[in-house]
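Enquirer: Right, I'll just put the structure down here and ask away after.
Residue numbers (the working numbering): 23 to 104.
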């Protein structure tokens, strides 16, 4: 089973949507001297009271921008966790 708190610790970016808390792990792949590919491995955790509490505790310093924002990438994979 994928742990929410472990995923947050290993993530490059974490943000929250209406239904999910998303942990993005970014990877950079150099294709050539001038081309770089940014890949994202995303884990979508279904929001729950417990996860929202943990998220708000960790990201309280963000202030009014607590929900965060996705970092756009060239390609991504997704895993959904209930």
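Beta carbons are placed, not taken as given, at the ideal position from N, Cα and C, and that holds for glycine.
(1) Going straight from the alpha carbon of residue 95 to that of residue 61, what length do you get?
(2) For residue 52, name the three-state secondary structure that DSSP assigns.
(3) Name the one or two DSSP bridge partners that residue 47 has.
(4) Tell me which same chain residues have a C-beta within less than 6 Å of the C-beta of residue 105, skipping the five on either side of it?
(5) Run the CB neighbour count on residue 50, radius 10 Å, all protein chains shown included, and call it buried at 16 or more, exposed below.
Expert: Here's the rundown:
(1) Position 73 of the chain shown, counted from the start, is the residue given in the question as residue 95. Position 39 of the chain shown, counted from the start, is the residue given in the question as residue 61. The straight-line gap from Cα to Cα measures roughly 6 Å.
(2) As a working note, residue 52 is residue 30 in the chain shown. Residue 52 falls in the strand class under three-state DSSP.
(3) As a first step, residue 47 must be located in the chain shown, where it is residue number 25. Paired residues: 63.
(4) Nothing can be reported for residue 105, as the shown portion of the chain is limited to 23 through 104.
(5) Mapped onto the chain shown, residue 50 falls at position 28. So residue 50 ends up on the exposed side.
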